[in-house]
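Q: Numbering (my numbering), first residue to last: 792 to 1715. Take this structure first; my questions come after.
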């Protein structure tokens, strides 16, 4: 058969395979590699198309894997670095897989789209890599209940979007990192609301710089560590705090007086330290419900009068705190009080709890004091446990010892009762649910880290907890029939309150894997919020062994499947290799041809203000040259990575810096290396996020917008043929050493041929958030699609926010907040503070109006890029700047001296037909 016909048939077959397969080939390959490494995976992980075949625990956006949730699956094996090649991954939850062991790979920082990293209750160990600080979009970081060691990475301080930080219950050691002008630290996390760092081996002083008034923390948990020195007074500056735990450390010195300013604190635990000095005055803590300062060495004092003024107090624990004198009856009259523990002090005299004590009062423990008498009111005190063991009053020999001389603390005995039904006698290991149905429940333990109630006897709390858990499961459409709580207890360390949870399936006797995964995720990522009195919690799920519809296949069937799969895979591999060879040959010919072609041959001077640009020829490099320039592609020269592969920095013998994109193994996006001009200041996104340290004020942002607009205007109206970029976004606008904007990454670009007229019908590609909705709905690509993306970019430049952030779309947020009758269009709260708020933003309203014109739903209602350029030039003039000044040089390298355009891709040739730069070499 003629070679051309063979190649044609192979190409047709290959195109069919691409259409038939939903999942991006690189993502599919990575998931298949995980399948080889992990055991215990869901049985339906056996197809070739994870997205199309709906593998359990896998969610996709179009062709890319965005979510992996596999909690309580019984996975075992290492957390392979292969997983970090899923460049679009946003959520990774592998919680409650105790046999998932080994280190967290250092390449975790490559997952730059990740918002949720949840690995609770696994068997992971080793240090937490510094590269975790590269996950700039991270909102939830939960690595608690593993065996991680080493220090807390200072780079976590760079996670400016972090809401939840939980590293508790590990073996982390060393000091608490804070910034020093060079290295970041936890003090930089001014948007974070949760510091959960208890039950580790942290040591050293608590830095005064750790806390500030800029923070919005609500939970600060550093309990059960080895911290020394005094409690920093800066803690009192964080007015948003609700739960504070520093118990179980080696803290000394006095308690800062400004803790009295923390008027929102509900739980305060300072017990089991070496604190000294006077008992702190906490009169202003009017929301305080649980106070524990036991086992410290405060100055001897009588019971402070402010104890009796805390209206929300439920639990007072002050054993071994050098208290002396008579216990005032006013303490017991607090309306919410449940438990008082004042044992092992030097309290004396007569105990009288009065007639007006709290109706909720359940327990008073004054063991090992010097109480000599008790005013007993049997009717009023009958439901209260009073413990006076080891006091003088109980040392008298009597025939009938009083109850308070033999009493001990009473634990809770609660189990969810049947709901108006008779419990069923279930066979095997089925369990009867609250609705009297026999089933296999999903079980685990809820650990509450700072409950505000005493945990004794009051079933109302547990009933409320049951109801809210069930309502949450049902609100997110989970197949849950009922939930059951049992065995509430204090943990062995007495620092936590625990209760067992069982979740029962709806309409069948067991859950499928998807149901278990979704239930685990609701509990692991804090989607469920318990009633306020329970405070912060962590759930530790058990493995589940009774998945619906799963039967074991015979070894014979499995072997046949392996043989068939291997044979089919071998055929596919052979065909792919042939196609790769053909593709590489064609790309090489195109690269050679690009050296002799000038894409500006049809430049029309009447359409521009300058002469025909001069393009230097593209150069081909050998593998040996690039290998030498990058020191054998060493990690020290690596500057980034993406869907194509890794990017390396190198220096040519001439001294010019270049960037080299090298395809990663198995990449389906191209098989050559791409050579670019190295851009030192990164992308606009880098600067907006603070990564580069460059402050973008209003004028700089205008200049950058103008530069990018001029580059796109050139592509649409001056290049021949015209080019639609198709992926305009902040990460594709680069800034050189003069902050000159350069449009980059033309991997998705499309040339407009003569036959295309006003649009190209093509498969939708681009980046969510920037994508033109008209293009998305019709598959018809026009220049106005770039205009829409540019409008989103303009809004991003204004706000500093990503187009889609925490489920909110920037275009909609701007439109909803905008009020043209108010200053700055009422957008003050949405704008990036570093833009220069407080100064006059000349032309601001016109910039907003222009951006909203660009994001009109209909392309016909949007301006052209040349109109956008003229409008931004006018705005710059309003701001008092010359739009043609050097600092406003465009992405097309606007040359002020010649008043003309140079090539928009630096000195790099561009292969218009294929969308890749012509500086390439063949893979080795």
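The beta carbon of each residue, even a glycine, is placed where N, CA and C say it ideally should be. Small disclaimer: the values here were computed from a predicted structure and weren't measured.
1) Between residue 1414 and residue 1646, what straight-line distance do the alpha-carbon atoms span, to the nearest angstrom?
2) Taking C-beta to C-beta, are residue 1060 and residue 1089 nearer than 8 Å?
3) By the DSSP assignment, the beta strand (DSSP E) with residue 1635 in it spans what residues?
4) From the DSSP output, in three-state form, read off residue 1652 for me.
5) With DSSP run on the structure shown, which of helix, strand or coil describes residue 1543?
6) Cα separation between residue 1531 and residue 1667?
7) Whose C-beta lies closer than 8 Å to the C-beta of residue 1585 among residues of the same chain, with five residues either side of it excluded?
8) Would you report the Cα separation of residue 871 and residue 1156, rounded to the nearest angstrom?
9) Is the beta carbon of residue 1524 closer than 8 Å to that of residue 1499?
10) Tell me whether residue 1132 is buried or exposed, calling it buried when 16 or more other Cβ atoms sit within 10 Å of its Cβ.
11) For residue 1439, name the three-state secondary structure that DSSP assigns.
12) According to DSSP, is residue 1451 helix, strand or coil?
13) Under 8 Å: do the stretch 1008-1017 and the stretch 968-986 share three or more Cβ pairs, one atom per stretch?
14) Out of 1308, 1111 and 1137, which one is the CA nearest neighbour of residue 1768?
15) From this set, 1166, 1224 and 1162, which residue's C-alpha is nearest residue 1184's C-alpha?
16) Assign residue 1425 to buried or exposed, taking buried as 16 or more other Cβ atoms, counted over all protein chains shown, within 10 Å of its Cβ.
17) Once you ignore the five residues that flank residue 1600 on each side, which residues in its own chain have a CB closer than 8 Å to its CB?
18) Going straight from the alpha carbon of residue 1477 to that of residue 1522, what length do you get?
19) Determine the DSSP secondary structure at residue 1073, reduced to helix, strand or coil.
20) Compute the Euclidean distance between the alpha carbons of residue 834 and residue 1310, then round it to the nearest angstrom.
21) Of all the options 1056, 996, 1127 and 1166, which has the alpha carbon lying nearest to the alpha carbon of residue 1027?
22) State the DSSP-derived secondary structure class of residue 1459, mapped to helix, strand or coil.
23) From 1627, 1526 and 1652, pick the residue whose C-alpha is nearest to that of residue 1578; which is it?
24) Could you pull the start and end residues of the alpha helix (DSSP H) that residue 941 belongs to?
25) Taking one C-beta from the stretch 848-864 and one from the stretch 894-901 each time, how about it: are there three or more such pairs within less than 8 Å?
26) Taking residue 1195 as the reference, which of 1636, 1210, 1512 and 1178 has the closest Cα?
27) Just to confirm my understanding: we take residue 1535, look at its own chain, exclude 5 residues before and 5 after, and list those with CB closer than 6 Å. What are they?
28) If you scan the stretch 984-1054 from start to end, which runs of the beta strand (DSSP E) of 3 or more residues do you find wholly inside it?
29) Taking residue 855 as part of the beta strand (DSSP E), name the residues at either end of that continuous run.
30) Which whole runs of the beta strand (DSSP E) in the stretch 1118-1179 are 3 residues long or more, in chain order?
31) Where does residue 1575 land, buried or exposed, given buried means 16+ other C-beta within 10 angstroms?
32) Whose C-alpha, out of 916, 915, 814 and 885, is nearest the C-alpha of residue 879?
33) Which of the three DSSP states is assigned to residue 1412 in this structure?
34) Just to confirm my understanding: we take residue 1075, look at its own chain, exclude 5 residues before and 5 after, and list those with CB closer than 6 Å. What are they?
35) Can you give the beta carbon distance from residue 975 to residue 941, rounded, assuming they're within the 8 Å contact cut?
36) So, is residue 1517 buried or exposed, given that buried needs 16 or more other C-beta atoms within 10 angstroms?
A: Reading off the structure:
1) Along the chain shown, read from residue 1 onward, the residue named residue 1414 stands at position 623. Along the chain shown, read from residue 1 onward, the residue named residue 1646 stands at position 855. Spanning the two alpha carbons is a distance of roughly 44 Å.
2) For this step, residue 1060 is matched to residue 269 along the chain shown. For this step, residue 1089 is matched to residue 298 along the chain shown. No, the pair does not count as a contact, with Cβ atoms beyond the cut-off.
3) Taking the first residue of the chain shown as position 1, residue 1635 is located at position 844. First-last for residue 1635: 1635-1645, but that is the alpha helix (DSSP H), not the beta strand (DSSP E).
4) Walking along the chain shown from the start, residue 1652 turns up at place 861. It is helical.
5) As a position in the chain shown, residue 1543 is number 752, starting the count at 1. Secondary structure of residue 1543 (DSSP, three-state): coil.
6) Numbered from its first residue, the chain shown carries residue 1531 at position 740. Numbered from its first residue, the chain shown carries residue 1667 at position 876. Between residue 1531 and residue 1667, the alpha-carbon positions lie close to 15 Å from each other.
7) Residue numbering aside, residue 1585 sits at position 794 when the chain shown is read from its first letter. For residue 1585, same chain residues with a beta-carbon under 8 Å away, outside a window of 5 residues either side, are 1496, 1638, 1641, 1642 and 1645 in chain order.
8) If you number the chain shown from 1, residue 871 lands on position 80. If you number the chain shown from 1, residue 1156 lands on position 365. Residue 871 and residue 1156 have their C-alpha atoms roughly 53 Å apart.
9) Indexing the chain shown from 1 puts residue 1499 at position 708. Indexing the chain shown from 1 puts residue 1524 at position 733. Closer than 8 Å, so yes.
10) Here residue 1132 is taken as the residue at index 341 of the chain shown, counted from 1. Residue 1132 should be labelled buried.
11) Counting from one through the chain shown, the residue named residue 1439 turns up at place 648. Strand at residue 1439.
12) To locate residue 1451, count along the chain shown from 1; it is residue 660. In the structure shown, the three-state DSSP call for residue 1451 is strand.
13) yes
14) Any question about residue 1768 goes unanswered here, given that the chain covers just 792 to 1715.
15) Taking the first residue of the chain shown as 1, we reach residue 1184 at position 393. The shortest C-alpha separation from residue 1184 is found at 1162.
16) On the chain shown, position 634 is the one that residue 1425 refers to. Its Cβ having fewer than 16 others within 10 Å, residue 1425 is exposed.
17) For the purposes of this step, residue 1600 is identified with residue 809 of the chain shown, where counting begins at 1. Cβ neighbours of residue 1600 beyond the five flanking positions: 1560 and 1594.
18) Sequence index remark: in the chain shown, residue 1477 carries index 686 (1-based). Sequence index remark: in the chain shown, residue 1522 carries index 731 (1-based). Cα to Cα, residue 1477 sits roughly 7 Å from residue 1522.
19) Counting from one through the chain shown, the residue named residue 1073 turns up at place 282. Three-state DSSP puts residue 1073 in coil, outside helix and strand.
20) Numbered from 1 along the chain shown, position 43 holds the residue referred to as residue 834. Numbered from 1 along the chain shown, position 519 holds the residue referred to as residue 1310. Near 19 Å, if we compare the C-alpha coordinates of residue 1310 and residue 834.
21) In the chain shown, counting from the first residue as 1, residue 1027 sits at position 236. Among 1056, 996, 1127 and 1166, the Cα nearest to that of residue 1027 is on 1056.
22) Locating residue 1459 in the chain shown gives position 668, where the first residue counts as 1. Residue placement at residue 1459 is poorly supported in this model, since its pLDDT is 40, which falls under 50; the coordinates still yield a value, given next. Of the three classes helix, strand and coil, the one that applies to residue 1459 here is coil, per DSSP.
23) In the chain shown, counting from the first residue as 1, residue 1578 sits at position 787. Among 1627, 1526 and 1652, the Cα nearest to that of residue 1578 belongs to 1652.
24) What you label residue 941 is simply residue 150 of the chain shown in a count that begins at 1. Premise fails: residue 941 lies in the beta strand (DSSP E), 938-941, not in any alpha helix (DSSP H).
25) no
26) Residue mapping note: residue 1195 aligns to position 404 of the chain shown, counting from 1. Comparing Cα positions, the closest option is 1178.
27) The count along the chain shown starts at 1 and reaches residue 1535 at position 744. Taken in chain order, the residues that qualify are 1523 and 1525.
28) 985-987, 992-996, 1010-1012, 1017-1020, 1034-1036 and 1041-1044
29) Start at 1 with the first residue of the chain shown, and residue 855 comes out as number 64. Element bounds for residue 855: 855-860.
30) Segments of the beta strand (DSSP E) lying fully in the stretch 1118-1179: 1130-1132, 1137-1142, 1154-1156, 1161-1165 and 1176-1178.
31) Position 784 of the chain shown, counted from the start, is the residue given in the question as residue 1575. By the 10 Å Cβ count, residue 1575 comes out buried.
32) In the chain shown, residue 879 corresponds to position 88, counting from 1. Nearest option by C-alpha distance: 814.
33) For the purposes of this step, residue 1412 is identified with residue 621 of the chain shown, where counting begins at 1. Looking at residue 1412 - three-state DSSP - the assignment turns out to be coil, as it is neither helix nor strand.
34) Here residue 1075 is taken as the residue at index 284 of the chain shown, counted from 1. Hits under 6 Å: 1051 and 1054.
35) Taking the chain shown and counting its residues from 1, one reaches residue 975 at position 184. Taking the chain shown and counting its residues from 1, one reaches residue 941 at position 150. With a beta-carbon spacing of about 17 Å, residue 975 and residue 941 fall beyond the 8 Å limit used to define contacts.
36) Numbered from 1 along the chain shown, position 726 holds the residue referred to as residue 1517. Classification for residue 1517: buried.
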